[in-house]
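What follows is a single structure, written as structure tokens, with notes after it.
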Amino acid sequence: MSANRFLLTGLCLSLLLPLNPAAAQSEPDTSRWRCRFCAFESGLDGNLGVDVGLVFDDAYRFGSGTGLEDEGGYLNGDLSLNWWGDGARFYEIEAASLGTRARALELSGGVQGRYQFKVAYDEIPQRLNDTGLSPFVNIGSSALSLPAGWQPAGSAKLMPDLAGSLRPFAIAQDRKRLGFELKFTGSQRWSHHLSVSREQRDGLQPFSGSFLTLATILPAPIDYETDSIEATVAYTGDQWQANLGYYGSFFGNADPALTWQNPFTPLVTGAEQGAAARPPDNDFHQLSLSGNYRLNPGMRLVGHIALGRASQDEALLPYTVNPAITPAPLPATSANAEIDSTLLSGSANLSGHLSKALRFKAFYRRHERDNQTPVLSLQPINTDVYQEAPRTNRPFSFEKSRYGLDLRYRLPGGLSASGGFAREDYRRDLQEVAQTNENSFWIRLSAPAADPVDLSFGLQRDNRNGSGYRPISSLDPPENPLLRKFNLADRDRHQAFAEIGLRPHASTSIGISGAYAKDEYPDSVIGLNASEERSLTLDATVDPMPRLSLHGFVTRQVIDYAQTGMAQTIWQATAEDEIVTGGFSLAFTNEDGSRRMGLDYSRSDSEGSNVIAPGSGLVEFPDLTADLETFSFRIEGRVRDNLRARFRYRYERFHSRDWTIERVEPATIGSILLFGERLPNYTQQILWLGLVRSF
Amino acid sequence: MPYLALTGLLWLVGLAAGSMAYAADETESAPAYTRAGADTCLRCHDESSAFPVLAIFKSPHGRAADDRTPFAGLQCEACHGPGDAHAGRVRGDDVRPAIPFFGDSSPASASEHNEVCLGCHRQSAGPAWPGSAHEQNDKRCVDCHQVHARKDPVLQTASQTGVCLDCHKGLRADLLKPSAHPLRHGEMACGSCHKPHGSSGEKLLARSDLNQTCFDCHADKRGPHLWEHAPAAEDCSLCHLPHGSNHPALLTRRAPQLCQQCHSRLGHPAVAYTPQGLPDKGASAAQLARGCVNCHTQVHGSNHPSGANLTR
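So the protein sequences, as listed, match chains A and B. So for the first sequence, this note's numbering puts the first residue at 37; every next one is plus one. So for the second sequence, this note's numbering puts the first residue at 1348; every next one is plus one.
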């Protein structure tokens, strides 16, 4: 046996030495444990609520997440029912917002401890704007047509038929998801879990159809369906546990292409129609194995490996739909794109070994994206207008490794100090920087959570350096050689945070926290030069009397960016987002629980400023602002033993200023036919009045 | 030589692991259980007490028919530990002894508390719990979970986010920003993207990396595309702020400046766009409406053979 083997063997043996177990606890005599006061439940239990509601106004954006964009009356309901039978058999129904397009319904059941099933359905509405205008007659189709007899023009401002042809539509989508889960708990050691789901997304989203210098914003249909399946087998032993899992995702798009009639005078013969690719159908499969092993009570090894493959072989569209251009034959019928991913991670977690006060974690993580997509020599037709020089696709791959060490030591008096080091090595191909290496150091000090004053403070420093920046040579015109893309550039990052928790009284807690982060890119003459984020939060909870709780918070966050560009001369730009958010809530329940009330108020004021120095002097853009104010009040009281009445009121106001939208009509730009949507501002009020029956 | 040094270091760690500091305090006598089990506890902890507990009988823990539950075994003391001292008589100004676990003044550490839960729930916590962020920071299971509630709020989509925000206070503001995922109305929850018990991903992400987590709901962005946009393929957060943003589509900034952080080719990508391009002074195609995306619409990648410029 070599010396090294001897040493390693010694290590393994020493780790496996049995440690003194805790003194065995003798089993108590439970022969007199009757559980006479135990209020075991059986039969039906739960609530059924029915509400009638009044929505005061049409407020399209308010419909996001609520489904309540239209003025009028609503009938709504929610349900929470449990049924418990003999032998731990149970059924549960949970339902919410049944009368809206944000409804959710879940039915579950089984025998607790043996098996459980769940069927769940939910809808998520997204409502962005319903004031967009477009001249296409068949909005919702993937082959958009203009009105018969449409007279094109070289500018949207000159289109004679435009004003009379514009029709409104909504930028919105609905997600509907149906899922089924099954879980078997065969024993304390084994469990099996299977879940399958189907999600449908329908709606419209903006999409650009361009012909070189002219473009039309198109209402592109969304008709997506994603099936997913996840299966896990888990084993839990005395010393180790493991999960073996499979995850599959299968995305389908009913409209792999979008074609549209060009409303502009064609730039070249035959460019009366365009076609673009929409998201291709794709599959993703991943096998994963996770586990941990307890070497002794104070040391666990944790590991994870996952092997994944994403692929798509959607048929390639032709280079052009312009009949006047004869393109070269396609080199393949599909991209046959395939990406293999590998994740390998592991950590060793030790506590109490060298000292009871010391905790230690060593970790390693490696993630690889191996792009197996064939490199094709393509001869693109630029926006159905002209033949470009041959191009080859660039299937990017990368490999990222991160490893490091965390140490934590408990100091006398309950204080704890921790610190760590990590290094990240990032290798990319086909990009400007082949490898970056980042070193990170951090320290943290914290006081015990049980004391009247909790304190934590932390600092982190990261330093990233690259192997050399080499601009991509195949681009024509090339990128400015002084540009450094910020995700590849050398970077210094400083982070700090501090938290103070005060508990001046048993019923009062106050928290103050602040965070600071700054990124600097010292070698980036062109591109992002620096970014900075500062935030301060004050949070207080007071329970001035039993059953009354008050909570308030305020957060101020500032995010700054500084960047440089270069046209004929160097220009500089800065941007700042300042977001101030605050709110308070109150909840009260009377002594016998027969009445409950609560109110919530919150307000968020966002302001974005942009300043540019295009050479000489500073020019300021108008501010981008968005203010959201919400107030809600609810009261519920017992009418009879099993019947309660409830009243709810909600007020919400959203007001924004946005120069990308304001005063922009469909023909404002001329070279681009836009939607010309209005700001989605609104003020909304809702009343709900209902009854809750308890079972 | 480095190998020897590493081996030596491991030896030291191994020796320490095998020989030091793990002995339990054997001098302590085992505390006693109550004489009547839950009936002892429920004499005080009824619905009128400062710590009402009866809702546990509406929860899965209160099912004696499931032989894994506390009420098929040592009842309250299955989790709270032997309670005879706590339930006993207290003389004069003496302080009532704390219940060993899950009481306001219970002396047990966070990891000792958690071991009580993991005694039954190790499987559901999953293998990634040891060394995970919450475990490393001494979070107790009960900091997030309400064991006595009929429905644990952190396990309900509509109420889960509120539980997380109790500690992650700074994120409350993100949810109210003009562009945010639909957590505010309870349509999503933190658990839609994060696994609080530990995961193979960074930041406790649900999938093995950030992009795979995003693709759970945004599978249309997965591609893989014939023409990739490298930063989109690498890391969604290079352009998006997933917790909330002042800009549409959770973007970090508006175009064109967002795009100009990485693109400065001769011609329109390099231009210093000023307010002169805004109505009523002008109408810049790169600034109004969707900015650069007015033409380069396929920012997540294109599968069109003529899509190299992300316009098809």
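Backbone N, C-alpha and C fix where the C-beta goes; we use that ideal spot for every residue, glycine too.
TODO: Buried or exposed for B:ASN1650, please, with buried defined as at least 16 other CB atoms from any protein chain shown within 10 angstroms of its CB.
DONE: Sixteen is the threshold: when 16 or more other Cβ atoms of the shown chains lie within 10 Å of the Cβ of B:ASN1650, as they do, the residue is buried.
Open item on the list: Using DSSP's beta-bridge definition, name the partner residues of A:TYR400.
Closed with: Answer is A:GLY382 and A:TYR439.
Task: One or two residues paired with A:PHE624 in a DSSP bridge - done: Listed as beta-bridge partners of A:PHE624 by DSSP are A:LEU584 and A:MET633.
Task: Beta-carbon proximity list for B:PRO1299, same chain, < 8 Å, skipping 5 on both sides - done: Chain B is shown only over 1348 to 1659; residue 1299 of chain B falls outside these bounds and no answer can be derived.
TODO: Select from A:GLN721, A:ASN298 and A:ILE375 the residue whose C-alpha is nearest the C-alpha of A:PHE320.
DONE: Ranking A:GLN721, A:ASN298 and A:ILE375 by Cα distance to A:PHE320 puts A:ILE375 first.
Task: Outcome for A:TRP120 when other beta-carbon atoms lying within 10 angstroms are tallied against a minimum of 16 - done: Result: buried.
Task: Rounded C-alpha distance that separates A:GLN148 from B:VAL1463 - done: Using only the alpha carbons, I get a separation of about 20 Å.
Open item on the list: Starting from A:THR719, trace the beta strand (DSSP E) in both directions and tell me its first and last residue.
Closed with: Secondary structure note for A:THR719: its beta strand (DSSP E) is the uninterrupted segment 718 to 730.
Open item on the list: Let's test the definition: count the other Cβ atoms within 10 Å of the Cβ of B:MET1348 and tell me whether it reaches 16, buried, or not, exposed.
Closed with: Unreliable positioning characterises B:MET1348 in this predicted model, as indicated by a pLDDT of 44, which lies under 50. The coordinate reading is nonetheless provided below. Exposed, by the Cβ-count rule.
Task: Any C-beta of chain A under 8 Å from that of B:HIS1590 - done: No - not a single Cβ of chain A is within 8 Å of the one on B:HIS1590.
Open item on the list: the ligand ZN and A:ALA184: does any heavy atom of the ligand fall closer than 7 Å to the residue's C-beta?
Closed with: The model depicted lacks the ligand ZN and carries no ligand whatsoever.
TODO: Could you tell me whether the Cβ of B:PHE1398 comes closer than 8 Å to any Cβ of chain A?
DONE: False, the Cβ-Cβ gap to chain A never drops below 8 Å.
Task: CB contact flag (A:ASP406, A:GLY310, <8 Å) - done: Contact annotation: A:ASP406 and A:GLY310 have beta-carbon atoms that are not nearer than 8 Å.
Open item on the list: Contact defined as beta carbons within less than 8 Å: I believe A:ILE722 pairs with A:ARG676. What is the distance between those atoms, to the nearest angstrom?
Closed with: About 27 Å separates the Cβ atoms of A:ILE722 and A:ARG676, ruling out a contact at the 8 Å cut-off.
TODO: Measure the Cβ-Cβ separation of B:ALA1472 and B:HIS1544 and say whether it is below 8 Å.
DONE: Cβ distance < 8 Å, so B:ALA1472 and B:HIS1544 count as in contact.
- [ ] Give the secondary structure of B:THR1599 by DSSP, where H, G and I count as helix, E and B as strand, and everything else as coil.
- [x] Reduced to three states, the DSSP call for B:THR1599 is coil.
- [ ] Name the residue from A:GLU701, A:LEU491 and A:THR719 whose alpha carbon lies nearest to the alpha carbon of A:THR749.
- [x] One cannot answer for residue 749 of chain A here, as it falls past the ends of chain A, which runs 37 to 731.
Open item on the list: Applying the 10 Å Cβ sphere with the 16-neighbour rule, what's the burial state of A:MET581?
Closed with: Answer is exposed; the Cβ neighbour count stays below 16.
- [ ] Could you work out which residue in A:ILE160, A:GLU614, A:ARG631 and A:THR605 is closest to A:ARG237 when comparing CA atoms only?
- [x] For A:ARG237, the closest alpha carbon among the candidates A:ILE160, A:GLU614, A:ARG631 and A:THR605 is that of A:ILE160.
TODO: Flag this pair as touching only if the stretch 1511 to 1529 of chain B and the stretch 120 to 131 of chain A have three or more C-beta atom pairs under 8 Å; answer yes or no.
DONE: No: fewer than three Cβ pairs fall under 8 Å.
Open item on the list: Please classify A:LEU519 as buried or exposed, where buried requires at least 16 neighbouring CB atoms within 10 angstroms.
Closed with: Buried, because 16 or more other Cβ atoms sit within 10 Å of the Cβ of A:LEU519.
Task: 8 Å Cβ cutoff, B:GLN1507 in contact with chain A - done: It does not: the Cβ of B:GLN1507 has no partner Cβ on chain A nearer than 8 Å.
Open item on the list: Between B:GLU1459 and chain A, is the shortest Cβ-Cβ distance under 8 Å, so that the two count as touching?
Closed with: Not flagged as an interface residue toward chain A: B:GLU1459, since no C-beta distance is shorter than 8 Å.
Open item on the list: Taking 8 Å as the threshold (C-beta atoms), are A:GLY176 and A:LEU240 in contact?
Closed with: Yes, Cβ-Cβ distance for A:LEU240 and A:GLY176 is below 8 Å.
Open item on the list: So B:ALA1505 and B:GLY1533 are supposed to be a Cβ contact under 8 Å. How far apart are they, rounded?
Closed with: Confirmed, Cβ separation roughly 3 Å.
- [ ] Spell out the partners DSSP gives A:GLY245 in its beta bridges.
- [x] Looking at the DSSP assignment, A:GLY245 forms a beta bridge with A:THR252.
- [ ] State the start and end residues of the unbroken beta strand (DSSP E) segment that holds A:THR661.
- [x] Taken as a continuous stretch (DSSP letters only), the beta strand (DSSP E) holding A:THR661 covers 660 to 676.
TODO: Taking C-beta pairs closer than 7 Å, name the residues in chain A that B:GLY1654 reaches, listed in chain order.
DONE: Within 7 Å Cβ-Cβ: ALA313.
Open item on the list: Rounded to the nearest angstrom, what separates A:GLU701 and A:ALA199 at their Cα positions?
Closed with: Cα atoms of A:GLU701 and A:ALA199: separation of roughly 11 Å, rounded to the nearest angstrom.
Open item on the list: Under 8 Å, with one C-beta from each stretch per pair, do the stretch 142 to 158 of chain A and the stretch 1403 to 1414 of chain B reach the 3-pair mark?
Closed with: Contact between the stretch 142 to 158 of chain A and the stretch 1403 to 1414 of chain B is present, because at least three Cβ pairs lie under 8 Å.
TODO: Can you pull the chain A residues whose beta carbon is under 7 Å from the beta carbon of B:THR1621, in chain order?
DONE: Here the neighbours are ILE648, PRO650 and VAL655.
Task: Contact list for B:PRO1474 against chain A, beta-carbon separation under 7 Å - done: Chain A residues near B:PRO1474: GLN277, ALA278, ASN279, SER326, GLY327, ASN328 and VAL338.
TODO: State the DSSP-derived secondary structure class of B:PRO1578, mapped to helix, strand or coil.
DONE: In the structure shown, B:PRO1578 sits in a helix (DSSP, three-state: H, G or I).
Open item on the list: Please classify A:LEU331 as buried or exposed, where buried requires at least 16 neighbouring CB atoms within 10 angstroms.
Closed with: Burial call: buried.
TODO: Mind listing the chain B neighbours of A:MET602? Cutoff is C-beta to C-beta under 7 Å, in chain order.
DONE: Neighbours of A:MET602 on chain B, chain order: SER1611 and ALA1617.
- [ ] Might you give, ordered along the chain, the residues of its own chain that have their beta carbon closer than 6 Å to the beta carbon of A:LEU586, omitting 5 neighbours on each side?
- [x] Result list for A:LEU586: VAL578 and LEU622, in chain order.
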